[in-house]
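Beneath this line is the structure, given in structure tokens, with notes to follow.
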Amino acid sequence: MGEFKVHRVRFFDYMPSGIRALAFNQDTERMAVARMDGSVEVFHCSDRFFQEKIIPGREQCGIEGLSWVGERLFSAGLNGGITEYDLTNQKVKYTIDAYGGPIWTITGNQQGTHLAVGCEDGTVKLFEVNEDQIQFERNLDRQKSRIISLSWHPSGSKIAAGMMDMIQVFNVETGHSIHRMLADRGAGTSRSKECVVWSVVYLSDGTIITGDSVGMVKLWDDQTGTLIKSHNVTKCDVLALSVSQNEDSLVAGTSEGIVVQFQFVSMVLEKDDKEWVRTRTFRNHTHDIRAVAEITTAVVSGGMDAQLVVRPLLDKIEVRSAASALRKIHFPHRRLVSCARKSGLMLFQYPGHLELWRLGESEGKGTPGSSLFVKRNPEKLLQLKVKGEDHIRCSAVSPCGGWIVYSTASTLRLYRLHCDNNNISITKISKLPKVLSSANQLCFSSDSSHLFSASAQSSVHIASLSQSGCKFVGTLKPKSGSHQAIHLLAASEDGKWLASANSDHEVHIYNLQTQKAHCTVPVYSSAVTAMGIHPATNCLFMMHADQQMFEYSIEQKQYTDWSRTVQRKGLHRFWVERDTPCLNVMFNPQNPSHVILHDMYMLCIIDQSLPLPDDKTQFYNQLTLKSLTEEQRKSQSHAFKVCKTFKDRPLHLYVCGLSEEVCFIKRLQIVPC
Amino acid sequence: MATLYEGYTLCGVGPVQNSSNIGILGVEQGRDIDYVLVTDSSRSITVYKVSDQKPTGSWSVKQGQIISCPAVFNTQSQEYVVVTDDRVVRVWKEDDVNLEKAFKATVSADVLRVLSATDSEPVVLFCCGAVRFLDSLLASPQQPIEDVLTEDEIIRWSTIVKAEHQLVVLFSTEQRGEHCLYVQRFNPNTLVKHRIETEPGLSAPISFSATCRGSNIHLLYLYLNGSVYESVLPFRSSSTGAEGVQALSCSLCLSLPLGEEKLMSGAAVVLDEAHVAVIGFPHPSAGACKDYLCIWNTHFQTLQASKEMAGRIYSQLWCYSGKLYVPHGKMLSVIPFDCQKSSLAAAMGKLKQTSRSGKDFSVEIWNICPNVKSALTVDQLVEHIKTSAVEDVQAEVGEFIRRAPQADLQLAAGRVALELVSRSQTDANFYPQCAFLQLLETRYLCYSVCPELLSLAMVKKDFHLCQIAFQIFSDIPEAVTCACLKAILSTPDLEMETVNLDTDSVIFMKELTQAHSRSDEEGGQLNGFCPPALESDVSDTPSNKLQRDPLSLDMSCPVGLHKGALLNEVLQTAYSDRSLLPHLKDLTVPQVIVFLQYLRFLYFKYSHDAHKQIRALRTPSISQIIDWVCLLLDAHFTVLAVAPEAKRLVFDLHKFVRSQVKLYAELGKIEGSLQVLKNSKQSEDFGMYAIQVIELF
């Protein structure tokens with residue numbers, strides 16, 4: 001097969017931000033995640049938890065709560081505003097101020113008519129959800145201390161609010177408090193500390209469940225306002241609670257990083273008097289858990305260690321499969337690194353700035369497994385800080401290394417980079433065409449002569465680049481279909497074709513010469529996670545979240561024979577069971593039958609000329625092959641050549657293609673806060 | 001286990017006259033299973049009634065005539081057939097007195113042998129390889145006989161096999177060192193030639209034996225180097241004609257041990273699918289003398305039975321209906337044998353033989369009414385257990401275990417065991433030990449399935465059963481463990497030594513105590529370990545110096561080998577200390593002291609011989625020993641503090657433990673240093689950036 005030179009890079013110290021809130025939408029099976037940096041992500045729960053949408057955050061945003069109302073997503077934060085998101089274009093739709101100081105919690109009622117927010121000034125504010133906006137309706141009785149947590153009774157007539165040292169139950173009609181329940185402070189020295197009711201859940205049978213800073217999960221009766229039962233879960237705080245759809249299971253997340261499950265079960269078999277019993281404990285986090293959500297078949301939790309953990313509930317799973325395995329999502333399912341293949345430059349995208357590095361050079365030859373002598377060390381050429389408060393949504397460096405472009409929610413900036421030996425200079429291109437005000441995804445043509453910018457309505461704007469500046473050329477629009485934002489772009493090597501993939505799983509192919517839509521790839525049920533156009537054959541190679549792969553001949557407008565063979569024979573079990581999506585598709589310029597793929601933990605080269613493995617073949621066979629002779633290898637080898645040498649966690653793998661060296665491995669180091 | 005019973009002489013072997021040095025040409029089956037036809041080389045043919053050891057008829061040929069093949073009995077026409085002078089076929093009846101007056105016919109080619117199988121027409125095999133049925137040959141004796149074999153190809157051995165009304169004649173030939181096997185089938189007549197291929201360097205096979213099993217012929221052949229190969233031939237020919245020579249695939253199924261003497265001859269005969277009788281090869285443990293008849297198990301390669309044969313051995317062996325016919329010295333002996341269905345336990349000698357009478361009984365039952373055995377269900381077996389005699393029950397349980405499918409056995413084993421135990425408890429004379437052992441061997445029993453079994457064994461002082469139960473049960477309650485421990489400790493050593501125990505455990509104990517004497521001789525310093533503390537107590541007087549020598553530790557085993565083996569099993573049981581402690585308090589002071597002495601012995605042994613690997617399947621681990629020491633000290637702290645006889649024991653133990661603690665403290669330091677070294681090696685990191693080469697295949 002061959003040897004490859006690998007650059008192991010650890011200076012991209014991207015740190016994912018901690019998770020602050022989760023909101024699960026049962027109908028669309030989407031999980032919304034809010035992070036400490038203000039970004040909001042949407043994961044598709046039934047599509048292998050693929051990160052479908054990312055809405056970048058902004059400085060000083062501080063989201064505290066998330067809530068779905070129908071298919072609309074709202075958030076509220078310490079800046080006192082309530083934000084609605086435009087999920088189609090993946091941006092903030094509007095923000096309105098609640099005028100109650102910092103907002104600690106937001107929750108919508110099940111009827112989808114109202115939102116309630118709990119404010120620092122002690123008010124619970126009700127907002128009416130209108131067709132296109134929300135409108136302030138009224139305040140409930142003002143309390144003395146801040147409102148930390150809220151929960152609607154499923155009927156929508158009552159609200160339970162968690163505060164300092166107490167829980168209040170409001171009648172929504174009158175706005176008056178029905179009950180006031182006092183939460184006990186901790187014993188001993190913590191007696192002097194207030195008890196914070198971090199989370200509250202109101203069940204349809206009138207039970208109110210609270211989690212507080214004393215470490216208790218308490219059950220209250222809303223008829224009498226009395227405590228029914230209390231469970232001491234932890235010595236520190238119970239930060240989050242979530243109840244399942246049918247109210248028979250409750251999960252509590254604590255600041256010790258454990259999730260405790262309670263179940264509503266009858267104490268005597270076949271009797272109806274049920275009780276909440278503590279059943280299971282999950283330890284998957286290293287730090288505080290700030291949010292939990294119980295979805296149909298799993299418990300999802302997130303916290304300060306920035307990982308989203310999907311813990312399957314095995315009693316609710318009928319068939320054990322890859323989709324029902326424990327899943328930990330550390331990193332965005334997007335490429336944060338782009339590289340200029342021809343000049344050996346790498347562009348790292350951080351939330352608030354960009355870094356441009358030049359790779360080092362090696363000398364001599366080495367045996368497999370050995371490190372080469374580094375003749376020239378890698379060099380940081382540039383650090384580019386973003387203007388304004390918005391975080392970067394996407395960025396790209398041109399293949400020649402002469403252009404850098406990035407976009408936030410509000411602006412798009414293009415820079416010309418001059419690089420002669422040790423002198424780096426950068427010029428911002430002013431007077432950009434108006435259409436290039438913001439982009440969902442950016443991409444350069446392979447000869448660096450054009451910039452493609454994915455914009456609203458699934459359209460792609462083309463701008464030509466030259467010494468004099470940037471000129472708008474035209475807009476590529478899909479013939480039909482959805483208007484979801486484009487998250488992937490791929491341009492062909494010969495400059496003839498451009499492919500775009502949006503979050504409705506549509507892949508459109510455009511002819512760049514005629515600037516017309518060429519064709520649409522048949523829509524597959526799973527999201528496209530990576531794609532690339534083969535330089536020699538102009539076939540579009542697509543990877544999907546469910547680990548399926550397709551190769552589509554652009555010229556013939558049909559799947560290639562190889563792709564059909566793959567679908568007919570099926571992929572190997574081990575390949576399908578991997579739990580992170582492939583993030584990049586590249587090709588080996590030396591050998592046209594090689595397709596290079598990678599996910600978080602492995603690098604895989606698919607040799608399309610070799611037979612596909614079936615379920616009986618040994619899938620990870622590199623070690624076996626290594627021990628065989630050249631002749632024996634021929635009969636043993638199959639198309640999937642997986643290299644897991646770099647899998648040691650918690651390191652993260654990014655691979656980029658370079659022209660002179662076949663592949664390049666980029667590792668991110670994550671240090672939990 | 002196969003058995004060779006006491007044999008008896010059938011007849012004398014006449015003086016050797018012919019050149020082949022063989023006294024007997026052949027022994028063939030007579031008109032029923034109790035009759036055999038002995039053809040000796042001195043011109044006579046005799047029919048014997050085997051059970052009476054008496055001849056019932058005898059014929060001889062005239063002077064000058066030679067009997068050229070063994071006579072056979074044609075069961076279809078109730079006539080005897082023999083060939084004299086190679087070409088004259090003679091046929092006579094039982095009441096013919098003179099052979100000269102009997103029917104005779106001269107054929108046109110040399111006859112090698114007449115082969116006869118029960119209820120079928122005899123087959124005449126000519127020296128040239130051609131085959132004719134006797135009746136068709138006698139219809140026209142002068143018919144031309146074709147040459148099947150080439151000029152210098154000689155038939156070495158031949159036989160006839162019959163199954164499903166189909167006859168197959170097998171014969172092997174030799175031609176210039178190359179050995180071939182011919183398979184002649186009838187209706188349609190086909191002849192297939194196989195080349196016998198074995199490892200190079202083997203000479204000619206010296207003995208063949210063919211049997212028919214299922215739809216295959218199993219052919220066994222023996223070489224002078226002791227290898228027994230097996231080839232399997234389909235009964236019905238797959239190909240229609242004999243195209244070319246087919247190689248005969250074979251597998252080595254037994255390697256007989258060879259003595260120092262060079263062997264010249266030997267013979268082997270298949271007894272059943274797992275057993276083969278061999279004569280002419282030395283007994284593996286009887287030295288150079290090779291005059292042994294042995295039964296080997298081919299599945300497990302074990303010697304099952306042997307018998308010394310007096311006088312010269314002729315390398316001839318026949319087997320008819322459960323009896324072996326061996327000419328040796330000046331006589332032909334008949335040796336009845338019995339081969340039980342082989343199991344690994346039986347082959348290894350682990351399965352206790354059921355008593356002789358019980359076995360005979362069972363064999364008879366199964367042979368006479370085969371439907372009964374398959375119909376014996378669990379319910380029937382349970383009913384039988386309630387009433388039958390011990391021997392019957394044992395045989396039936398054994399048979400049931402062998403025949404029941406695994407899944408059924410799993411359910412039935414517990415029930416059968418419970419029933420056996422309850423009968424044993426009520427009936428003092430009823431104790432089917434073998435049945436219990438067989439049930440335990442199935443591994444489908446556990447303590448909770450049959451809780452009374454272990455206490456029953458204790459009551460009956462059946463320590464062998466206890467040992468097996470300890471090995472197999474994983475759920476023995478602590479109270480029962482303690483009760484057993486108590487029973488073991490209170491049984492005198494003398495009584496214990498007579499108990500039959502699992503050999504492996506006894507061997508382990510033997511090795512352990514032998515290691516003791518050896519290390520005594522060598523001064524116990526072989527491994528550089530010096531257990532007593534170097535800086536000793538100041539109170540120690542100089543005269544005590546000698547005692548601090550490693551030899552001063554009492555290294556003799558305080559209990560007998562068998563008791564030790566049983567105690568080892570107790571040490572290896574699973575327990576939880578909280579539940580064990582109260583029961584451990586039940587031990588009496590002498591028991592505590594003996595047990596502690598034994599534990600100390602083991603502990604010393606293990607510490608001294610840590611480098612030594614005693615090969616045994618089950619041995620208590622050092623941590624198990626130390627756990628028990630702790631438990632015992634906890635349970636009997638005051639007793640040990642007060643009892644004067646414990647003083648010395650506790651002192652020794654303390655001294656040794658203290659030295660060990662010191663040793664381990666030193667080891668801790670070394671570990672720390674090594675850890676640092678390891679860490680420094682691991683931190684060989686490539687830092688923030690490296691360029692590496694990887695290779696994909």
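For the record, the sequence lines run as chains S and C.
Per full-length UniProt numbering, the first sequence starts with residue 1, numbered consecutively.
Per full-length UniProt numbering, the second sequence starts with residue 1, numbered consecutively.
Every residue gets a Cβ at the ideal spot worked out from N, C-alpha and C, and that includes glycine.
**OP:** Under 9 Å between beta-carbons, which chain C residues line up against Ser-377(S)? List them in chain order, please.
**Re:** Here the question's residue 377(S) lines up with position 377 in the first sequence. In the sequence under discussion, the amino acid at residue 377(S) is Asn, which differs from the Ser named in the question. Here the neighbours are Tyr-689.
Subject >> For Phe-264(S) and Val-243(S), the rounded distance between their alpha carbons >> reply: Taking the first residue of the first sequence as 1, we reach residue 243(S) at position 243. Taking the first residue of the first sequence as 1, we reach residue 264(S) at position 264. C-alpha separation (whole angstroms): 11 Å.
Original post:
Going along chain C in order, which residues have a C-beta closer than 9 Å to the C-beta of Thr-367(S)?
Top reply: As a working note, residue 367(S) is residue 367 in the first sequence. Within 9 Å Cβ-Cβ: Val-693, Glu-695.
Subject >> Identity of the residue in Lys-330(C), Val-693(C), Lys-605(C), Leu-454(C) nearest Phe-656(C) by Cα >> reply: Start at 1 with the first residue of the second sequence, and residue 656(C) comes out as number 656. The shortest C-alpha separation from Phe-656(C) is found at Lys-605(C).
**OP:** Whole angstroms is fine: what's the gap from Leu-324(C)'s alpha carbon to Asp-52(C)'s?
**Re:** By 1-based counting over the second sequence, the position of residue 324(C) is 324. By 1-based counting over the second sequence, the position of residue 52(C) is 52. Distance between the alpha carbons of Leu-324(C) and Asp-52(C): 16 Å.
Original post:
Taking the alpha-carbon positions, what's the Trp-366(C) to Cys-11(C) distance?
Top reply: Translated into positions along the second sequence, residue 366(C) becomes position 366. Translated into positions along the second sequence, residue 11(C) becomes position 11. Confidence is the limiting factor: at Trp-366(C) the pLDDT is only 36, short of 50, which leaves the residue's position unreliable, though a coordinate-based value still follows. Trp-366(C) and Cys-11(C): Cα-Cα distance of roughly 33 Å.
Subject >> Where Asp-121(S) falls, given that 16 or more other Cβ within 10 Å makes a residue buried >> reply: Along the first sequence, read from residue 1 onward, the residue named residue 121(S) stands at position 121. Its Cβ being crowded by 16 or more others within 10 Å, Asp-121(S) is buried.
Original post:
Closer than 7 Å, Cβ to any Cβ of chain C: which residues of the stretch 602-629 of chain S, in chain order?
Top reply: Ile-605, Gln-622, Leu-625, Lys-626
Subject >> Continuous alpha helix (DSSP H) stretch holding Phe-604(C): start and end >> reply: Looking up residue 604(C) in the second sequence gives position 604. First-last of the alpha helix (DSSP H) with Phe-604(C): 589-608.
Original post:
Which residues does DSSP pair with Ala-161(S) in a beta bridge?
Top reply: Within the first sequence, numbered from 1, the residue matching residue 161(S) stands at position 161. Leu-150(S), Gln-168(S).
Original post:
For Phe-452(S), which of Leu-219(S), Gly-2(S), Gln-515(S) has the nearest alpha-carbon?
Top reply: By 1-based counting over the first sequence, the position of residue 452(S) is 452. Nearest C-alpha to Phe-452(S): Gln-515(S).
Original post:
Are the CB atoms of Leu-382(S) and Glu-355(S) nearer to each other than 8 Å?
Top reply: On the first sequence, residue 382(S) is found 382 positions in, with the first residue counted as 1. On the first sequence, residue 355(S) is found 355 positions in, with the first residue counted as 1. Result yes, Cβ atoms of Leu-382(S) and Glu-355(S) sit closer than 8 Å.
Original post:
Considering only C-alpha positions, which residue in the set Ser-213(S), Ile-178(S), His-179(S) is nearest to Arg-185(S)?
Top reply: The residue you call residue 185(S) lines up with position 185 of the first sequence. For the residues Ser-213(S), Ile-178(S), His-179(S), the minimum Cα distance to Arg-185(S) belongs to Ser-213(S).
Subject >> Per-residue contacts from His-572(S) into chain C (C-beta, under 7 Å) >> reply: As a working mapping, residue 572(S) is identified with position 572 in the first sequence. Simply none; closest approach about 17 Å.
Original post:
Would you say Leu-52(S) faces chain C, with C-beta separation under 8 Å as the test?
Top reply: To locate residue 52(S), count along the first sequence from 1; it is residue 52. The identity of residue 52(S) in the sequence shown is Glu, whereas the question assumes Leu. With 8 Å as the cut-off, Glu-52(S) does not count as an interface residue toward chain C.
Original post:
Using DSSP with H/G/I as helix, E/B as strand and the rest coil, what is Asp-627(C)?
Top reply: Working through the second sequence from its first residue, we reach residue 627(C) at position 627. Helix at Asp-627(C).
Original post:
Residues bridged to Tyr-221(C) by DSSP?
Top reply: Here residue 221(C) is taken as the residue at index 221 of the second sequence, counted from 1. The partner list for Tyr-221(C) (beta bridge, DSSP) reads Phe-208(C), Tyr-229(C).
Original post:
Any beta-carbon of chain C closer than 8 Å to the one on Lys-641(S)?
Top reply: Within the first sequence, the letter at position 641 stands for residue 641(S). True, the Cβ-Cβ gap to chain C drops below 8 Å.
Subject >> Test: Ile-3(S) CB closer than 8 Å to a CB of chain C >> reply: Locating residue 3(S) in the first sequence gives position 3, where the first residue counts as 1. First, the residue type needs correcting, since residue 3(S) is Glu and not Ile in the sequence shown. Yes, because at least one Cβ of chain C sits closer than 8 Å to the Cβ of Glu-3(S).
Original post:
In three-state terms, what does DSSP make of Gln-692(C)?
Top reply: As a working mapping, residue 692(C) is identified with position 692 in the second sequence. It is a strand residue.
**OP:** Specify the secondary structure class of Arg-31(C) as computed by DSSP and reduced to three states.
**Re:** Start at 1 with the first residue of the second sequence, and residue 31(C) comes out as number 31. Judged by DSSP in its simplified three-state form, Arg-31(C) adopts coil rather than helix or strand.
Original post:
What's the call for Ser-362(C), buried or exposed, on a 16-neighbour Cβ count within 10 Å?
Top reply: Taking the first residue of the second sequence as position 1, residue 362(C) is located at position 362. Model confidence at Ser-362(C) stands at a pLDDT of 31, short of 50, so the residue's coordinates are unreliable; what they give is reported in the following sentence. It counts as buried.
Subject >> Spatial distance of Pro-558(C) from Gly-564(C) (CA atoms) >> reply: Counting from 1 along the second sequence, the entry for residue 558(C) is found at position 558. Counting from 1 along the second sequence, the entry for residue 564(C) is found at position 564. About 9 Å.
Original post:
Measuring CB to CB, does Ala-109(C) end up less than 8 Å from Thr-159(C)?
Top reply: Along the second sequence, one-based indexing puts residue 109(C) at 109. Along the second sequence, one-based indexing puts residue 159(C) at 159. No; because the gap between Cβ atoms is not below 8 Å, this pair is not in contact.
Original post:
On the three-state DSSP scale, how would you describe Pro-55(C)?
Top reply: Indexing the second sequence from 1 puts residue 55(C) at position 55. If DSSP states are grouped into helix, strand and coil, Pro-55(C) belongs with the strands.
Subject >> Runs of beta strand (DSSP E) wholly within the stretch 38-87 of chain S (minimum 3 residues, chain order) >> reply: 40-44, 50-55, 63-69, 72-77, 81-86
**OP:** Please name the residue in Gly-77(S), Thr-95(S), Asp-86(S) whose C-alpha comes closest to that of Pro-102(S).
**Re:** For this step, residue 102(S) is matched to residue 102 along the first sequence. The option with the nearest alpha carbon to Pro-102(S) is Gly-77(S).
**OP:** Would you mind sorting Glu-64(S) into buried or exposed? The rule is 16 or more other CB atoms within 10 Å of its CB.
**Re:** Within the first sequence, numbered from 1, the residue matching residue 64(S) stands at position 64. Buried, since its Cβ has 16 or more Cβ neighbours within 10 Å.
Original post:
Do Ile-196(C) and Tyr-223(C) have their C-beta atoms closer together than 8 Å?
Top reply: Sequence index remark: in the second sequence, residue 196(C) carries index 196 (1-based). Sequence index remark: in the second sequence, residue 223(C) carries index 223 (1-based). Not closer than 8 Å, so no.
Original post:
So Val-197(S) packs on Leu-250(S), CB below 8 Å; how close in whole Å?
Top reply: Taking the first residue of the first sequence as 1, we reach residue 197(S) at position 197. Taking the first residue of the first sequence as 1, we reach residue 250(S) at position 250. Wrong, their Cβ atoms sit about 15 Å apart, outside the cutoff.
**OP:** Quick one: grab the DSSP three-state call for Leu-326(S).
**Re:** Taking the first sequence and counting its residues from 1, the one referred to as residue 326(S) is at position 326. Leu-326(S): coil per DSSP, three-state reduction.
**OP:** Can you tell me the Cβ-Cβ gap for Pro-56(S) and Ser-39(S), rounded? I've got them flagged as a contact below 8 Å.
**Re:** As a first step, residue 56(S) must be located in the first sequence, where it is residue number 56. As a first step, residue 39(S) must be located in the first sequence, where it is residue number 39. 5 Å between Cβ atoms; contact.
Original post:
Leu-256(C) and Val-232(C) look like a contact to me (Cβ under 8 Å); what is the Cβ gap, rounded to whole Å?
Top reply: Within the second sequence, residue 256(C) is the residue found at index 256, counting from 1. Within the second sequence, residue 232(C) is the residue found at index 232, counting from 1. Wrong, their Cβ atoms sit about 21 Å apart, outside the cutoff.
Original post:
Does the beta-carbon distance from Pro-154(S) to Gln-223(S) come in below 8 Å?
Top reply: Along the first sequence, read from residue 1 onward, the residue named residue 154(S) stands at position 154. Along the first sequence, read from residue 1 onward, the residue named residue 223(S) stands at position 223. No, they are not a contact pair.
**OP:** Tell whether a beta-carbon distance below 8 Å holds between Ala-102(C) and Val-88(C).
**Re:** Here residue 102(C) refers to the residue found at position 102 of the second sequence. Here residue 88(C) refers to the residue found at position 88 of the second sequence. Annotated as distal: Ala-102(C) and Val-88(C), with beta-carbon spacing of 8 Å or more.
Original post:
Does the separation of the CB atoms of Leu-239(S) and Asp-288(S) fall below 8 Å?
Top reply: Locating residue 239(S) in the first sequence gives position 239, where the first residue counts as 1. Locating residue 288(S) in the first sequence gives position 288, where the first residue counts as 1. Yes, the pair counts as a contact, with Cβ atoms nearer than the cut-off.
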